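One structure is given here, and the rest of the page talks about it.
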Amino acid sequence: MTQIQPQRPASQAEPSSQRNGASAKRTDVLVIGAGVCGIYTLYRLRKEGFTTTVLEAGDAPGGTWYWNRYPGCRFDSESYTYGFSFSRELLQEWDWKEHFAPQPETLSYLNYVVEKFDLRRDMVFGCRVTDAIYDEGENEWVVHTDDGQVYHSTYLMTAVGMLSAPTLPLIEGRESFEGEAFHTYDWPKEKKDFTGERVGVIGSGATGVQITPMVAKQAKELYVFQRRPNWCAPLHNSPISPEEMAEIKTRYDEIFAKCSKTPGGFLHGPDRRKFNEVSKEERLAFWEELYASPGFGVWIGNFAETLTDPEVNAEYTAFIADKIRQRVHDPEVAEKLIPKDHGFGTRRVPLETGYYEAYNRPNVHLVDVTESPIEQITPKGVRTTSQEYELDSLIYATGFDAITGSFDRINIVGRDGVRLREQWQDGPLTYLGVQSHGFPNFFTLAGPQGGSVSTNFPRGIEDIVDWVSGFLVTLRDKGIKRVEPREDAVDAWQKEVRDLYQMTLFHTTQSWFTGYNSNLKGRDGIRYLIYNGGSPRYRRRLEGVANDGYVGFDLH
Ligand code: NAP
53 MTQIQPQRPA
63 SQAEPSSQRN
73 GASAKRTDVL
83 VIGAGVCGIY
93 TLYRLRKEGF
103 TTTVLEAGDA
113 PGGTWYWNRY
123 PGCRFDSESY
133 TYGFSFSREL
143 LQEWDWKEHF
153 APQPETLSYL
163 NYVVEKFDLR
173 RDMVFGCRVT
183 DAIYDEGENE
193 WVVHTDDGQV
203 YHSTYLMTAV
213 GMLSAPTLPL
223 IEGRESFEGE
233 AFHTYDWPKE
243 KKDFTGERVG
253 VIGSGATGVQ
263 ITPMVAKQAK
273 ELYVFQRRPN
283 WCAPLHNSPI
293 SPEEMAEIKT
303 RYDEIFAKCS
313 KTPGGFLHGP
323 DRRKFNEVSK
333 EERLAFWEEL
343 YASPGFGVWI
353 GNFAETLTDP
363 EVNAEYTAFI
373 ADKIRQRVHD
383 PEVAEKLIPK
393 DHGFGTRRVP
403 LETGYYEAYN
413 RPNVHLVDVT
423 ESPIEQITPK
433 GVRTTSQEYE
443 LDSLIYATGF
453 DAITGSFDRI
463 NIVGRDGVRL
473 REQWQDGPLT
483 YLGVQSHGFP
493 NFFTLAGPQG
503 GSVSTNFPRG
513 IEDIVDWVSG
523 FLVTLRDKGI
533 KRVEPREDAV
543 DAWQKEVRDL
553 YQMTLFHTTQ
563 SWFTGYNSNL
573 KGRDGIRYLI
583 YNGGSPRYRR
593 RLEGVANDGY
603 VGFDLH
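For what it's worth, my numbering labels the leading residue of the sequence shown as 53, then goes sequentially.
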């Protein structure tokens, strides 16, 4: 099996200092990760006068957009809401080409930002952080990378991404497959052409839903091995003309103001009307409109009750099920594509382009692995309980050890030898999603239980990075050397996070939102990973804590 392995073994690596030229070994702040979050953190901290180095496993900046190069990869935030808002000049310079930019365009954008603000000189590439140990005597973090380098800093910040620890399926025989196999996250840089091939895709989350119609156009035969289907809805992507882009540029203040008021940081916010105040005819007309509109309106631009009230949810779910029946020609296939175990929107809704129509092609075959489970991956392909499917390539769109996985892969040791992965064994324990008890001067940006995880990511990132930067400035001004949350503050935050889970239907279904991953042991119960209160409420909480003298933190 050819498995893409981007991580170079430490023994073969050149020292990062030789590859990068930069890399002060002793800085005020070390940031792990050069994706959207790491890029903005470096910009912001440098502006505040903190010496900062970013350590990145990839050979270039981009994070998610550096690794996920599979065909069809794109975001489903409107492009002009996804870019950074901090620089008017940048906003006026960058022309988005599509309403929902594909991965290469977003990666180019992030590289452009890095070059424009001269950020590369403080970034070290091709080095994976293996250990981060707090030295109490020196009050500093000592960070080791897989190429044998050691860095020291007062503050350590993670910008490691929430979906950056891919997981492969626990299926016997994986290593025996003689064709090419890929996890969508570890996609090769070279374009992969599936023309004339027999291809298998395992997984039907947002990733599987994006890649399936793309591969369908090339492959001779495509087999989609589906376990639990997801509720998907059309993205309705389209190009942005130069005239439209010029018009968008005049509206950036308005666009970002709107995003700052919606729970998800998108242009789409819940409809203000009460479900029961609207007649059935009006509701149906509204839902038709949502289904025909671009982006996430179909999920989060609806009556709020669709995500909180099981009866309302059931009515909307039936509406979406009919849409699937209309789009898929074979009624048996359509029924298999309709989820029966959860209501619409209670898992993250994949937005698709021609996903359902792909199943109308004669070369695309839906294999329902709940009916005939996969028994084994064989040298020739995939064997289910009913037959063996011979394949040239096998694509694992099988998801991630979400949110905490990238933390667990680093040996992070705080005060008194406490290991983060042990403290978080039964689920993350944070205060505000930014710090954990026992880990002084360690900030988990875009980490578990924070506001950015469930939002239009850059919007959430700008909020949290601005807040943490302000915190660091205050600490510097007041001569405070060490900051760590109190245990009672962590406990109170756990209650707040858990209570918010109960307010929506998200907790009723197994997905990465609730910490479920069938390929990891002990991940079938609920884990409280996400702050479900929405951006405006999260921002108010952060502001309140700052205004109260950073209540909940021990400051020394
Ligand atoms: P995912 O939502 O966790 O989906 C993983 C899929 O793999 C599920 O269908 C799962 O089935 C299946 N699977 C896993 N192990 C399996 C096994 N052993 N046998 C059969 N099926 C197996 O992961 P994802 O699709 O990569 O998406 C993760 C998140 O990334 C998304 O929710 C989204 O937030 C983000 N994403 C965003 C975009 C975008 O912006 N447009 C695109 C892609 C991804 P079960 O459900 O039955 O476990």
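Backbone N, C-alpha and C define an ideal beta-carbon position, used for all residues, glycine too.
Predicted, not measured: the structure shown is a model, and the values here were computed from it.
Secondary structure of residue i, DSSP reduced to three states
i    : result
D323 : strand
Y602 : coil
D576 : coil
D529 : helix
R379 : helix
Y164 : helix
T561 : coil
R126 : strand
Q64  : Any reading at Q64 needs caution, since the residue's pLDDT is 37, under 50, leaving its predicted position unreliable; the model's value is listed next. DSSP places Q64 in helix when its eight states are reduced to three.
A233 : strand
Y568 : coil
Y448 : strand
Q554 : helix
E595 : helix
I223 : coil
V470 : coil
I372 : helix
Q428 : strand
L581 : coil
Outcome for residue i when other beta-carbon atoms lying within 10 angstroms are tallied against a minimum of 16
i    : result
L336 : exposed
Q155 : buried
G73  : Low per-residue confidence applies at G73: pLDDT is 42, beneath 50, and the placement is therefore not dependable enough to give any value.
R121 : buried
L222 : exposed
Y590 : buried
D198 : buried
D515 : buried
Q487 : buried
M175 : buried
N-terminal and C-terminal residue of the alpha helix (DSSP H) that residue i is part of
i    : result
F338 : K332 to Y343
D305 : Y304 to K313
G252 : No alpha helix (DSSP H) holds G252; the beta strand (DSSP E) holding it covers R250 to I254.
K243 : First-last for K243: undefined, no H or E at that position.
L484 : From DSSP, L484 is part of no alpha helix (DSSP H); its letter is neither H nor E.
P88  : The sequence shown places Val at residue 88, rather than the Pro named in the question. V88 to K99 is the extent of the alpha helix (DSSP H) around V88.
Beta carbon of residue i nearer than 8 Å to that of residue j
i    : j    : result
F246 : S445 : yes
L389 : Y411 : yes
V251 : V261 : no
Q501 : V549 : yes
C311 : N508 : yes
M214 : A449 : no
P537 : F494 : no
H151 : S131 : yes
V542 : L481 : yes
I84  : T210 : yes
I376 : Y408 : yes
T422 : R575 : no
A366 : G347 : no
F234 : I455 : no
A271 : N415 : yes
Bounding residues of the beta strand (DSSP E) (the contiguous stretch that carries residue i)
i    : result
V421 : No beta strand (DSSP E) holds V421; DSSP gives it neither H nor E.
P265 : Element bounds for P265: not the beta strand (DSSP E) but the alpha helix (DSSP H), A258 to Q270.
V106 : T104 to L107
Q477 : Premise fails: Q477 is in no beta strand (DSSP E) and is neither H nor E.
T496 : F494 to T496
P346 : Unbroken run through P346: none, as it is neither H nor E.
Q278 : E273 to Q278
E536 : V535 to P537
L215 : That residue, L215, is in no beta strand (DSSP E); it is neither H nor E in DSSP.
A84  : The amino acid occupying residue 84 in the given sequence is Ile; Ala does not appear at that position. R78 to I84 is the extent of the beta strand (DSSP E) around I84.
I464 : N463 to V465
Residues sharing a beta bridge with residue i, DSSP
i    : result
F355 : D323
W193 : Y186 and S205
E440 : R435
P286 : E404
M175 : V106
V181 : T197
Closer than 7 Å: residue i CB and nearest the ligand GDP heavy atom
i    : result
F452 : Ligands in the displayed structure: the ligand NAP; the ligand GDP is not one of them.
Chain D within 8 Å of residue i, Cβ atoms only
i    : result
L524 : Structure shown: chain D not included; a single protein chain is present.
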